[in-house]
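Student:
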Amino acid sequence: MMRRTKVVTCCCVTLAWLVAISCFAQNTIPKTYEKVKVAEGVYAFIAEEPKTEIVSGNSVAVIGDDGVLVVDTMHFPSLTRRMIADIKQLTDKPVRYVVNTHWHPDHLMGNGEYKQAFPDVVILSTPSTREQMESQVPTTYIRDTIAQIPAYVKILQEHLDTGKKKDGSPLRPVDLQHYQDLIEESKFFLPELQQAKYTPPNQTFDQSITVYLGKRQVNVMFLGRGNTAGDAVIYVPDAKTLMTGDLVVSPTPYAFGSFLTEWVETLKKLEALGATTIVPGHGDVQHDTSYIEELISLLQSTTSQVQQAFAQGLSLDDTRKKVDLSSFRRQMAGDSDKWNEVFHTAYEVPAVERAYREAKEGKLNDEN
Ligand SMILES: [Zn+2]
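If you count by this note's numbering, then the sequence shown holds residues 11 to 378, one letter each, in order.
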């Protein structure tokens, strides 16, 4: 069903989606996160497992002697404000840096909250991330999504009222629940979008920048393209702790607009950093590189199967039928219907298309 309703996916930027509801003055279902101490002075804020496609990325606070560096600022400003309050409980030092790992809105809608709370904050990203953010987020994302939400929710409500899908078939219990969840979460989401203070990075870096929070060193790096054209990763050497953005997303990856072949090389560089604690863009904290290795195998299998199909002259549609990623899907999604569906819609569908275009056109220069 998620497949058919073309709704939000956090990172999905084919934003024809989104949702609905007529007039919601206030947030009714606050989303939440779990605060996890992952190392001395390093706290991860792990977004709760989403019920729908309206998700938030994780965030991390790295606390040094004279200031704090925050990685990503989440999707919902009300949650970001709660996180800032949490950080103030942990330290009286100011947030001096925010890093946006990439330009997808579920990782940066809280930037304005940091700017308001800490006016001198430096917001860092790669040039590509800033450029994409500027061209997409205020318009295609915030403005258009706010405009589309009421009609989208109306349609969902009509389906619930008639008990039928668009094609006239009856809604299954799982569809009913999903539509209800989408309506409820949209009620929460609309005012979040309306109150978001869009704030782009005010400093960019090409390859790397080293930040000192007093004695504590933090390395902010671009290791190559992957999930997007400008993914930044953040490494705290004294804690062997790595923040990956959406280069690593668990339990199943996202591949909208991604660069499959280069992603493998970037993940190998990530693995070589020697981190013992890894905070992914979405999902739980990891303590070894086994999931990164799984991702590398998945990406390699996807590109090699697609390249073979292309070499045999198959169309994209026929390539989709031929590519078999079921063993990876089982390994990552297990028995969960939801995660099997997410694997299909958020990884398999866009990944096969991107790999097919790479086979046909060579290196890609867009994230469409
Ligand atoms: Zn994301």
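The beta carbon of each residue, even a glycine, is placed where N, CA and C say it ideally should be.
What is the residue span of the alpha helix (DSSP H) that Ser-311 lies within?
Tutor: In the sequence shown, counting from the first residue as 1, residue 311 sits at position 301. Where Ser-311 is concerned, the enclosing alpha helix (DSSP H) stretches over 300-321.
Student: Is the beta carbon of Ala-365 sitting closer than 9 Å to the one on Phe-266?
Tutor: What you label residue 365 is simply residue 355 of the sequence shown in a count that begins at 1. What you label residue 266 is simply residue 256 of the sequence shown in a count that begins at 1. In terms of Cβ geometry, Ala-365 and Phe-266 do not form a close pair [threshold 9 Å].
Student: Under three-state DSSP, which class holds Glu-63?
Tutor: Sequence index remark: in the sequence shown, residue 63 carries index 53 (1-based). It is coil, neither helix nor strand.
Student: Going by the C-beta, is Asp-116 closer than 8 Å to any heavy atom of ligand 1?
Tutor: As a first step, residue 116 must be located in the sequence shown, where it is residue number 106. Checking the Cβ of Asp-116 against ligand 1 gives yes.
Student: Where does Ala-95 land, buried or exposed, given buried means 16+ other C-beta within 10 angstroms?
Tutor: Position 85 of the sequence shown, counted from the start, is the residue given in the question as residue 95. Exposed.
Student: When DSSP labels each residue in this structure, what does Pro-261 get in the three-state scheme?
Tutor: Stepping through the sequence shown from its first residue, residue 261 is reached at position 251. Three-state result, Pro-261: coil.
Student: Can you grab the Cα-Cα spacing for the pair Phe-232 / Lys-207, in whole Å?
Tutor: Mapped onto the sequence shown, residue 232 falls at position 222. Mapped onto the sequence shown, residue 207 falls at position 197. Cα to Cα, the separation comes out at about 26 Å.
Student: Considering only residues of the same chain and omitting the five flanking positions on each side of Pro-247, which have a CB-CB separation below 8 Å?
Tutor: Working through the sequence shown from its first residue, we reach residue 247 at position 237. Excluding sequence neighbours, Pro-247 sits near Gln-227, Asn-229.
Student: Can you tell me the Cβ-Cβ gap for Gly-291 and Gly-255, rounded? I've got them flagged as a contact below 8 Å.
Tutor: The residue you call residue 291 lines up with position 281 of the sequence shown. The residue you call residue 255 lines up with position 245 of the sequence shown. With a contact defined as Cβ atoms closer than 8 Å, Gly-291 and Gly-255 qualify at about 5 Å.
Student: Out of curiosity, what's the CA-to-CA distance linking Ser-336 and Val-184?
Tutor: What you label residue 336 is simply residue 326 of the sequence shown in a count that begins at 1. What you label residue 184 is simply residue 174 of the sequence shown in a count that begins at 1. If you take the alpha carbons of Ser-336 and Val-184, they lie about 22 Å apart.
Student: Answer with buried or exposed for Ala-361, where buried requires no fewer than 16 other C-beta atoms within 10 angstroms of its C-beta.
Tutor: The residue given as residue 361 occupies position 351 in the sequence shown. Answer is buried; the Cβ neighbour count reaches 16.
Student: Hey, quick one: how far does the alpha helix (DSSP H) through Phe-55 stretch, first residue to last?
Tutor: By 1-based counting over the sequence shown, the position of residue 55 is 45. Element bounds for Phe-55: not the alpha helix (DSSP H) but the beta strand (DSSP E), 52-57.
Student: Say the cut is 8 Å; is the CB of His-292 nearer than that to a heavy atom of ligand 1?
Tutor: One-based indexing of the sequence shown puts residue 292 at position 282. Under cutoff, so the answer is yes.
Student: How is Pro-360 classed by DSSP in three states: helix, strand or coil?
Tutor: The count along the sequence shown starts at 1 and reaches residue 360 at position 350. The DSSP-derived three-state label of Pro-360 is helix.
Student: For Ser-346, tell me which candidate among Ser-314, Thr-90, Pro-261 has the shortest Cα-Cα distance.
Tutor: Stepping through the sequence shown from its first residue, residue 346 is reached at position 336. Closest option to Ser-346, Cα to Cα, is Pro-261.
Student: How is Val-295 classed by DSSP in three states: helix, strand or coil?
Tutor: Stepping through the sequence shown from its first residue, residue 295 is reached at position 285. Val-295 falls in the coil class under three-state DSSP.
Student: How would you label Ala-71, buried or exposed, when you count the other beta carbons within 10 angstroms and need 16 or more for buried?
Tutor: The count along the sequence shown starts at 1 and reaches residue 71 at position 61. Burial of Ala-71 is indicated by the presence of at least 16 other C-beta atoms within 10 angstroms of its C-beta.
Student: Which same chain residues, not among the five before or five after Asp-82, have their C-beta less than 6 Å away from its C-beta?
Tutor: The sequence position of residue 82 within the sequence shown is 72, counting from 1. Counting only Cβ-Cβ distances below 6 Å, and skipping sequence neighbours, we find Gly-67, Ser-69, Thr-111, His-117.
Student: Compute the minimum distance between the beta carbon of Gly-67 and the heavy atoms of ligand 1, and state whether it is under 8 Å.
Tutor: Residue 67 sits at position 57 when you count from the first residue of the sequence shown. Under cutoff, so the answer is yes.
Student: Using 10 angstroms around the beta-carbon of Thr-172, count the other beta-carbons present and answer buried if the total reaches 16, otherwise exposed.
Tutor: Taking the first residue of the sequence shown as 1, we reach residue 172 at position 162. Label assigned to Thr-172: exposed.
Student: Assuming Lys-225 contacts Asp-75 (C-beta within less than 8 Å), just tell me the rounded distance between them.
Tutor: Locating residue 225 in the sequence shown gives position 215, where the first residue counts as 1. Locating residue 75 in the sequence shown gives position 65, where the first residue counts as 1. Indeed they touch by this definition, with Cβ atoms about 6 Å apart.
Student: Sorted by chain position, which residues of the same chain lie with C-beta nearer than 8 Å to Thr-220's C-beta, five sequence neighbours on each side aside?
Tutor: If you number the sequence shown from 1, residue 220 lands on position 210. Excluding positions up to five away in sequence, the list reads Gln-227, Val-228, Asn-229, Val-230.
Student: If we ignore side chains and look at the alpha-carbon of each, how far apart do Glu-363 and Ala-343 end up?
Tutor: Residue mapping note: residue 363 aligns to position 353 of the sequence shown, counting from 1. Residue mapping note: residue 343 aligns to position 333 of the sequence shown, counting from 1. The straight-line gap from Cα to Cα measures roughly 21 Å.
Student: Which residue from Pro-87, Pro-211, Tyr-189 puts its Cα closest to that of Ile-152?
Tutor: The residue labelled residue 152 in the question sits at position 142 within the sequence shown. If we check each option's Cα against that of Ile-152, Pro-87 comes out closest.
Student: Pull up the distance between the alpha-carbon of Arg-216 and that of Ser-268, whole angstroms please.
Tutor: Locating residue 216 in the sequence shown gives position 206, counting from the first residue. Locating residue 268 in the sequence shown gives position 258, counting from the first residue. It should be noted that the sequence gives Asp, not Arg, for residue 216. So the alpha carbons of these two residues sit roughly 19 Å apart.
Student: Does the distance between the C-beta of Tyr-366 and the nearest non-hydrogen atom of ligand 1 fall short of 8 Å?
Tutor: One-based indexing of the sequence shown puts residue 366 at position 356. Answer for Tyr-366: no, Cβ out of range of ligand 1.
Student: For Ala-369, which residues of its own chain have a beta-carbon under 7 Å away from its beta-carbon, when the five flanking residues on both sides are left out?
Tutor: Position 359 of the sequence shown, counting from 1, holds the residue named residue 369. The answer, listed in chain order, is Val-316, Gln-317, Phe-320.
Student: According to DSSP, simplified to helix, strand and coil, what is Trp-349?
Tutor: Counting from 1 along the sequence shown, the entry for residue 349 is found at position 339. Residue state, collapsed to three classes: helix.
Student: Keeping to the same chain, check which residues put their C-beta closer than 7 Å to that of Phe-34; ignore five residues upstream and five downstream.
Tutor: Within the sequence shown, the letter at position 24 stands for residue 34. Only weak support is given to the placement of Phe-34: the predicted model assigns it a pLDDT of 36, under 50, and the value that follows is read from those uncertain coordinates. Hits under 7 Å: Lys-197, Leu-200, Pro-201.
Student: Figure out for me which residue from Thr-62, Glu-63, Lys-61, Val-46 has the closest Cα to the Cα of Phe-55.
Tutor: Here residue 55 refers to the residue found at position 45 when the sequence shown is read from its first residue. It is Val-46.
Student: From Glu-371 to Thr-150, what distance separates their C-alpha atoms?
Tutor: Here residue 371 is taken as the residue at index 361 of the sequence shown, counted from 1. Here residue 150 is taken as the residue at index 140 of the sequence shown, counted from 1. C-alpha separation (whole angstroms): 27 Å.
Student: Could you compute how far the alpha carbon of Ile-243 sits from the alpha carbon of Asp-376?
Tutor: Translated into the one-based positions of the sequence shown, residue 243 becomes position 233. Translated into the one-based positions of the sequence shown, residue 376 becomes position 366. In the sequence on display, residue 243 carries Val and not Ile. Spanning the two alpha carbons is a distance of roughly 21 Å.
Student: If you measure from the CB of Asp-256, is any heavy atom of ligand 1 nearer than 8 Å?
Tutor: Against the sequence shown, residue 256 aligns to sequence position 246. Yes, the beta carbon of Asp-256 sits closer than 8 Å to at least one heavy atom of ligand 1.
Student: Report yes if the C-beta of Tyr-151 is less than 8 Å from at least one heavy atom of ligand 1; otherwise report no.
Tutor: Numbered from 1 along the sequence shown, position 141 holds the residue referred to as residue 151. The answer is no for Tyr-151.
Student: Using the Cα positions of Glu-358 and Ser-307, report the straight-line distance between them to the nearest angstrom.
Tutor: Taking the sequence shown and counting its residues from 1, the one referred to as residue 358 is at position 348. Taking the sequence shown and counting its residues from 1, the one referred to as residue 307 is at position 297. In a straight line, the C-alpha of Glu-358 is about 14 Å away from that of Ser-307.
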